[in-house]
Amino acid sequence: MKGIEPITRLVSALSALPGVGEKTASRLALYVMNSSDAYVRELAASLIGAKDDVMLCSVCMGFSETDPCAICSEISRDHSIICVVSDFKDMAAIEGTGSYNGLYHILHGALSPLKGVGPDEIKIKELLMRLSSSTVSELLIATGFDVEGEATANYIAKLTRPIGMTITRIASGVPVGSFIEYMDKNTLDRALSGRREM
Ligand SMILES: [Zn+2]
160 MKGIEPITRL VSALSALPGV GEKTASRLAL YVMNSSDAYV RELAASLIGA KDDVMLCSVC
220 MGFSETDPCA ICSEISRDHS IICVVSDFKD MAAIEGTGSY NGLYHILHGA LSPLKGVGPD
280 EIKIKELLMR LSSSTVSELL IATGFDVEGE ATANYIAKLT RPIGMTITRI ASGVPVGSFI
340 EYMDKNTLDR ALSGRREM
């Protein structure tokens, strides 16, 4: 497919996706070329629609079609506890257990000096601002148990301790290095209920 500029452009765009190498990108591009016009138009429209019509909730930083999002504006939820997660997938996993009824804060990443991710690259400032103007009694830190997740948890705990609320960390009932999003419902349930004070 070398030399056909529109296809080269498509392969290059696809290979920028996480986990997609040049080979997979070429395979996907070929799939697109062999697909119906209707499918390709729907694929393109859904990409643009997701980007255009979804915003970040100004309270929790989660993806939402409204601001504040449905979770932040739900009165029946426990607004005195905020669960801090690295990304939206982790929030969805915890939400999926059905055993947590508090609010969330999505960091959109974890601290990683090796990858050049410092405190300014993730939504820590937004968390501090939020905590300074709310009456939260517990901050439940549910970042992963890998090095980056632990570093992020410790950093946030240190930074928020002066505010005076209880800071807890979900229990690691899983091997070090595991991520929240891959925990099954029971493990995640136990991790939430077995949280310990930091
Ligand atoms: Zn929200």
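With the first letter of the sequence shown counted as 1, position 116 gets the number 275 in our numbering; the numbers rise by one all the way through. Beta carbons are placed, not taken as given, at the ideal position from N, Cα and C, and that holds for glycine.
Is Ala188 buried or exposed, if buried means 16 or more other CB atoms sit within 10 Å of its CB?
-> With 16 or more other Cβ atoms inside 10 Å of its own Cβ, Ala188 counts as buried.
Bridge-paired residues (DSSP) for Phe304 = Answer is none; Phe304 lacks a bridge partner.
Delimiting residues of the alpha helix (DSSP H) encompassing Leu202 | It spans Asp196 to Asp212 - the alpha helix (DSSP H) in which Leu202 sits, taken as one unbroken run.
Within 8 Å, strictly: CB atoms of Ala269 and Met342 | no
What residue from Arg289, Ile265 and Ser293 has the CA that sits closest to Ile281's CA?
-> If we check each option's Cα against that of Ile281, Ile265 comes out closest.
Compare the Cα-Cα distances from Asp249 to each of Ala204, Pro165 and Ile329 and report the closest residue.
-> Ile329
Through-space distance from Tyr263 to Arg236, alpha-carbon basis = 11 Å
Less than 7 Å between the CB of Gly221 and some heavy atom of ligand 1, yes or no?
-> yes
Give a yes or no on whether the C-beta atoms belonging to Cys221 and Ile230 are separated by under 8 Å.
-> It is Gly, not Cys, that sits at residue 221 in the sequence shown. Taking 8 Å as the Cβ cut-off, Gly221 and Ile230 qualify as a contacting pair.
Same chain only: Cβ atoms within 6 Å of Val170, ignoring 5 sequence neighbours per side = Ala184, Ser185 and Ala188
Reduced DSSP secondary structure (H/G/I, E/B, other) of Ile265 | strand
Out of curiosity, what's the CA-to-CA distance linking Val295 and Ile322?
-> 10 Å
Beta-bridge partners of Ile281, as assigned by DSSP | In DSSP, Ile281 forms no bridge with anything.
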